[in-house]
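*Asks:* Protein chains in written order, with the working numbering: chain A, 1 to 599; chain B, 600 to 1198.
#1: Ignoring anything shorter than 4 residues or poking outside the region 1019 to 1082 of chain B, list the alpha helix (DSSP H) runs there in chain order.
#2: Compute the Euclidean distance between the alpha carbons of residue 363 (chain A) and residue 124 (chain A), then round it to the nearest angstrom.
#3: For the region 279 to 323 of chain A, which segments carrying the beta strand (DSSP E) assignment without a break, of at least 3 residues, lie completely within its bounds, in sequence order?
#4: Shorter than 8 angstroms from the beta carbon of residue 1126 (chain B) to some beta carbon of chain A?
#5: Hey, could you find the ends of the alpha helix (DSSP H) residue 681 (chain B) is sitting in?
#6: Decide if residue 149 (chain A) is buried, meaning its Cβ has at least 16 other Cβ atoms within 10 Å, or exposed.
#7: So the beta strand (DSSP E) residue 197 (chain A) belongs to, where does it begin and stop?
#8: Nearest chain A C-beta to residue 1042 (chain B) closer than 8 angstroms, yes or no?
#9: Give the range of the alpha helix (DSSP H) segment to which residue 606 (chain B) is assigned.
#10: Nearest to residue 1048 (chain B) by CA position, among B:1011, B:1111 and B:608, is which residue?
#11: Rounded to the nearest angstrom, what separates residue 444 (chain A) and residue 862 (chain B) at their Cα positions?
#12: Identify, in the order they occur along the chain, each residue of the same chain with its Cβ nearer than 7 angstroms to the Cβ of residue 1046 (chain B), setting aside the five sequence neighbours on each side.
#13: Ignore the nearest five residues each way along the sequence and tell me which others in residue 505 (chain A)'s own chain have a CB closer than 6 angstroms to its CB.
#14: In the DSSP assignment, find the unbroken beta strand (DSSP E) run with residue 158 (chain A) in it and report its ends.
#15: What did DSSP end up calling residue 833 (chain B) once you bin it into helix, strand or coil?
#16: Is the Cβ of residue 333 (chain A) closer than 8 angstroms to any Cβ of chain B?
#17: With DSSP as the reference, label residue 647 (chain B) as helix, strand or coil.
#18: Could you pull out every residue in the same chain whose Cβ sits closer than 7 angstroms to the Cβ of residue 375 (chain A), ignoring the five residues on either side in sequence?
#19: Under 8 angstroms between C-beta atoms, does residue 923 (chain B) make it to chain A?
#20: Short of 7 angstroms in beta carbon distance, which residues of its chain neighbour residue 204 (chain A), apart from the five on each side in sequence? Order them along the chain.
#21: Label residue 855 (chain B) either buried or exposed according to how many other C-beta atoms from any shown protein chain fall within 10 Å of its C-beta, with 16 as the threshold for buried.
#22: Could you work out which residues of chain A lie near residue 919 (chain B), taking near to mean beta carbons separated by less than 7 angstroms?
#23: Let me confirm a value: residue 378 (chain A) is counted as buried when at least 16 other C-beta atoms fall within 10 Å, else exposed. Which label applies?
#24: Which chain B residues are close to residue 221 (chain A), counting only those with a beta carbon under 9 angstroms from its beta carbon?
#25: Please report the Cβ distance between residue 1191 (chain B) and residue 554 (chain A), rounded to the nearest whole angstrom; I am assuming they are in contact, meaning their Cβ atoms lie under 8 angstroms.
#26: On a Cα-Cα basis, can you pick out the residue from A:317, A:491, A:171 and A:269 that is closest to residue 574 (chain A)?
#27: Taking Cβ-Cβ distances shorter than 7 angstroms, what residues in chain B pair up with residue 348 (chain A)?
#28: For residue 1198 (chain B), does the count of other Cβ atoms within 10 angstroms reach 16, so buried, or fall short, so exposed?
#29: Using CA coordinates, which residue listed in B:883, B:882 and B:1007 is at the minimum distance from residue 913 (chain B)?
#30: Assuming residue 220 (chain A) contacts residue 933 (chain B) under a Cβ cut-off of 8 angstroms, what Cβ separation, rounded to an integer in Å, is found between them?
#31: Closer than 7 angstroms by C-beta to residue 105 (chain A): which residues in its own chain qualify, once you throw out the five before and the five after it? Chain order, please.
#32: Under a CB-based cut-off of 8 angstroms, is residue 644 (chain B) close to chain A?
#33: What span of residues does the beta strand (DSSP E) with residue 863 (chain B) cover, start to end?
#34: So, is residue 496 (chain A) buried or exposed, given that buried needs 16 or more other C-beta atoms within 10 angstroms?
#35: Would you tell me roughly how many angstroms separate the C-alpha atoms of residue 788 (chain B) and residue 760 (chain B), rounded to the nearest one?
#36: From the DSSP output, read off the bridge partner residues of residue 226 (chain A).
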């Protein structure tokens, strides 16, 4: 079995649970059919398994080094990325008008997901570049696009996002990097940027930084932030490489996981001028940067899912091949040992991983499907509807997998026991890698404030109303199947509880107290949405069992069992949590800094 | 503030919540008073901070290496351990008749706890040696004791426990290491032992291994296991060092955390004879090994608590000194930023750490107090009662901190954001270190089977009845304080729910199905017991507020707030979990190996 993908499950999600086949019928994606996409998946699986997976452990043990102001990475990383580039995969995420493959996002996520599972840190360089190119394509002037976009799209150059600074991580209002207008219309950038993934590397000949900075005289706070394109090496008008643009690598951060992806402290304009070019309008930097944020945050969620999938597949394979112990009802030491996958608690840990990972994965593809549908739609009302639902679900996509798929990685270690705790097996590395996802691209706490403070309220709660309609439509179908009726009732009750909680919070006088338990709300709402995703899968499984031949029935039975698990073991947990949120419980909020330890 | 101990809290637990003062009144511990113990804590805090904490990061980054069949460790590790030895601390855990300090276990845990918090991997060598010496003191012949015990007690030699083998981790019934009787009464040991912490090192001149092995002709399974003392270097009759005993280091395991503690694969009798000496009776090896298991498992729980405490103290200090962002009610970017400890979600994450760590810590000291009371008691009925309660609580002591204090470490990283994910800060290292505790000394799943399959049933449920009496006695006192009355009601309801669950499980026909959700039961019962520990602390806090001067009130208010947190945010979680256990839910149990991914 593959350690980076369960192709049967991927087919189930894309074609049986969701409607990639329908997306493929649109004019926009008419160049593709299931057969051509399957071949693409085959190719990607091969490259990911042969080039990315094979060097993942080595890359982790030999992280990029800071030598004479430059970065040195292991040759295997460059070979792997080069195989990806040569297969033309750098263009997977872009429209054909800028030289892209114009794949549905569902498929882009599916094929990139295999690389993430195989070697997430290696893929981070590629993922960031996609974000930069898409941002430039949407917000940049024709001049900038002509000069920089082709080399980003074909993967000759990589890109980065430079938001944070040492004194301003989550608080972008406080960034101090400065952009002074030059006579010829460009800007001189000066300042220090922190946590820049891929900020320096020895893989591509140039790096295109997207930098948030302030033009002197602009309004204070986030309203005075502009976005600039700042190349590592200047580019001459004919496209030939120019001089070094004075972006100095001041240091590398040494991380717990995702070690193969450099994370840099960069000084702009310290030892000479760093020339930058305004992208979009002055003082619209944050909006331009966040233009791609929904898709980026879904990708972060997908990375959490895929990192956990690696642990799940590995621990499942291990459990099915590792003899140890005997059944509780027969401890005779002279009888042979059983595989540990037969022990109830190992089953529980494998099932928990399955339920979290496959539930979250369905949510990621569901959101990707919405983005694909939007792009194929000319119905403004439908587009607005999809935008609202995506806005609502994005913080869940970012956070729920970061929490629960990390938990899955923790369980994968436990299945392997002592072996799982050693670096000879991949499960501990995947656990370390996954711990990143709750931190970057907007922390856990920020996602909570986003959903409870903004998303559930926007347009008088329109997004939650749309969520209800969509969930009801799933429940309508599901309730026709006798074995799913109880889940429908439980889902309806849970949805009502979420709605009541939102209403209770809306009545709070103190807006800070209203959001005091926002993270707990986010978490519980994630459980509601993932339960819904399991109901969608259960419908597909019931229907699949009717339509398909019996050889596949174990797969469908597994889906139904995991649905049962999520509804019985997980969904009931939201009730006490939502009560705290609705009660505006102030236990934590009231605590003073002195009370923690008495000094 | 110290990064390894909150002395105010330690005083609160030992003297205000529990009764170390009463223990000190006994004849057995009459050499000590609070003042002398405080001086000892001062000394230990200094050594731990100056020698252990200072090299923790370096030890993690420079793990022991396997060079020419030997182990090389960094010199700072040897200096740190040498400072511990020179202060006479190696003898802290032993009775005076064998040269020990005869400290109450409560104090032994307190002073060693600081070293664990400062540098757990360095302390592992010391902790294991204590276990070996105690085992030898209880089970060994006078000849063995005379020859080996003094050098273990004074710390000149270290000890190890050799249970697992590559093919037999949790399943000791399947070990194959063999012990052949020699003519002179010793044994030749042959076999391979795996996961041996401290199995080889360059710190002490000799290492005393306690090895489980089978004498040919002994019964199959655990009933045929004997315990042997096998020295790394043979010891001449006059105590002088003899020849190498042919225990070959076959390899080191490279772990995710606790890297400074070697973890070895050892070959006995491969290149020559490895002489071993029977400890205790033939075929009583497991019982002899498990003689110290209660205390060892409490120490594992304490190590989980202390590793989390390091993360808590560090993240609290960071949060109180890191300006970032503004209150939700005033986002004016021209106003100064606030400390992140003012943000509601940071408070939630700090409070969660506090509630888990200080709750679990109280349980560890409560169990240590029982062991101390046992040792000072001549009342056989009281001793039996304490033994039963200890037996019941031990799996919780081992597992609950391994789960929830690891969660605390996860939150400590989150408080620091990106910084927390880098190796420049200690919180990620502590998180990696703590992941070990669910695995060694009996895995999570094994503890679950132990508590639900054996401990709650033994002597017709006598241990649970004792637990009820002890909890009721706390509730009697607590209910006299108006602000604690509601907690008493909630605790009583939770206890009843646990009792009903145990009764429901007892009726199951299928013993395997009865234990299918044993781990979930263990977890929930842990919540019950930790809630009880919080009620104990709340009583002490309420009484402390009455007795003490006002300068200390923030500390007590923090204790009461954390009690509120545990009862409101955590304890309600057990209800849906215990329902699954009582219902004998078979969702996971029924799953076949094929159903997970369909192949």
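Even glycine gets a Cβ: it sits at the ideal position worked out from N, Cα and C.
*Replies:* This is what the structure holds:
#1: 1026 to 1033, 1043 to 1048 and 1057 to 1077
#2: In the first chain, residue 363 (chain A) corresponds to position 363, counting from 1. In the first chain, residue 124 (chain A) corresponds to position 124, counting from 1. Taking the straight line from one Cα to the other gives about 21 angstroms.
#3: none
#4: What you label residue 1126 (chain B) is simply residue 527 of the second chain in a count that begins at 1. Not closer than 8 angstroms to any Cβ of chain A, the Cβ of residue 1126 (chain B) fails to qualify, so no.
#5: Looking up residue 681 (chain B) in the second chain gives position 82. Looking at the DSSP string, the run of the alpha helix (DSSP H) that includes residue 681 (chain B) is 674 to 685.
#6: Residue 149 (chain A) sits at position 149 when you count from the first residue of the first chain. Buried, since its Cβ has 16 or more Cβ neighbours within 10 Å.
#7: One-based indexing of the first chain puts residue 197 (chain A) at position 197. For residue 197 (chain A), the enclosing beta strand (DSSP E) starts and ends at 187 to 197.
#8: Numbered from its first residue, the second chain carries residue 1042 (chain B) at position 443. Taking Cβ atoms only, chain A reaches closer than 8 angstroms to residue 1042 (chain B), which makes this a yes.
#9: Your numbering for residue 606 (chain B) matches position 7 in the second chain. Its alpha helix (DSSP H) spans residues 606 to 610.
#10: Here residue 1048 (chain B) refers to the residue found at position 449 of the second chain. Closest by alpha carbon: B:1111.
#11: Sequence index remark: in the first chain, residue 444 (chain A) carries index 444 (1-based). Sequence index remark: in the second chain, residue 862 (chain B) carries index 263 (1-based). Going by the C-alpha atoms only, they are around 36 angstroms apart.
#12: Counting from one through the second chain, the residue named residue 1046 (chain B) turns up at place 447. The residues are 994, 997, 998 and 1121.
#13: On the first chain, position 505 is the one that residue 505 (chain A) refers to. Once the five neighbours on either side are set aside, the close Cβ partners of residue 505 (chain A) are 514.
#14: Working through the first chain from its first residue, we reach residue 158 (chain A) at position 158. 158 to 162 is the extent of the beta strand (DSSP E) around residue 158 (chain A).
#15: Position 234 of the second chain, counting from 1, holds the residue named residue 833 (chain B). Correct three-state label for residue 833 (chain B): strand.
#16: Mapped onto the first chain, residue 333 (chain A) falls at position 333. So yes, residue 333 (chain A) belongs to the interface.
#17: Sequence index remark: in the second chain, residue 647 (chain B) carries index 48 (1-based). In the structure shown, residue 647 (chain B) sits in a helix (DSSP, three-state: H, G or I).
#18: Indexing the first chain from 1 puts residue 375 (chain A) at position 375. For residue 375 (chain A), where only same-chain residues beyond five positions count, the Cβ hits under 7 angstroms are 28.
#19: Numbered from its first residue, the second chain carries residue 923 (chain B) at position 324. So, interface residue.
#20: Against the first chain, residue 204 (chain A) aligns to sequence position 204. Excluding sequence neighbours, residue 204 (chain A) sits near 156, 157 and 158.
#21: Numbered from 1 along the second chain, position 256 holds the residue referred to as residue 855 (chain B). With 16 or more neighbouring CB atoms inside 10 Å of its own CB, residue 855 (chain B) falls in the buried class.
#22: Position 320 of the second chain, counting from 1, holds the residue named residue 919 (chain B). Within chain A, the residues near residue 919 (chain B) are 593.
#23: Residue 378 (chain A) sits at position 378 when you count from the first residue of the first chain. Residue 378 (chain A) sits exposed, since fewer than 16 C-beta atoms from the chains shown fall within 10 Å of its C-beta.
#24: For the purposes of this step, residue 221 (chain A) is taken as residue 221 along the first chain, with counting starting at 1. The contacting residues are 930, 931, 932 and 933.
#25: Taking the first residue of the second chain as 1, we reach residue 1191 (chain B) at position 592. Taking the first residue of the first chain as 1, we reach residue 554 (chain A) at position 554. That pair is a contact at about 7 angstroms.
#26: Looking up residue 574 (chain A) in the first chain gives position 574. Per the Cα distances, A:491.
#27: Locating residue 348 (chain A) in the first chain gives position 348, counting from the first residue. Ordered by position in chain B, the residues that pass the 7 angstroms Cβ test against residue 348 (chain A) are 1118 and 1187.
#28: By one-based count along the second chain, residue 1198 (chain B) stands at place 599. With fewer than 16 other beta carbons inside 10 angstroms of its own, residue 1198 (chain B) counts as exposed.
#29: Numbered from 1 along the second chain, position 314 holds the residue referred to as residue 913 (chain B). Checked all of B:883, B:882 and B:1007; the closest Cα to residue 913 (chain B) is B:1007.
#30: Within the first chain, the letter at position 220 stands for residue 220 (chain A). Within the second chain, the letter at position 334 stands for residue 933 (chain B). Contact holds; Cβ gap of about 5 angstroms.
#31: Translated into the one-based positions of the first chain, residue 105 (chain A) becomes position 105. Cβ neighbours of residue 105 (chain A) beyond the five flanking positions: 368, 371 and 372.
#32: What you label residue 644 (chain B) is simply residue 45 of the second chain in a count that begins at 1. Taking Cβ atoms only, chain A never reaches closer than 8 angstroms to residue 644 (chain B), which makes this a no.
#33: As a working note, residue 863 (chain B) is residue 264 in the second chain. 862 to 867 is the extent of the beta strand (DSSP E) around residue 863 (chain B).
#34: As a working mapping, residue 496 (chain A) is identified with position 496 in the first chain. Under this definition residue 496 (chain A) is an exposed residue.
#35: The residue labelled residue 788 (chain B) in the question sits at position 189 within the second chain. The residue labelled residue 760 (chain B) in the question sits at position 161 within the second chain. One C-alpha to the other measures close to 15 angstroms.
#36: Here residue 226 (chain A) is taken as the residue at index 226 of the first chain, counted from 1. According to DSSP, which records beta bridges pairwise, residue 226 (chain A) is partnered with A:213.
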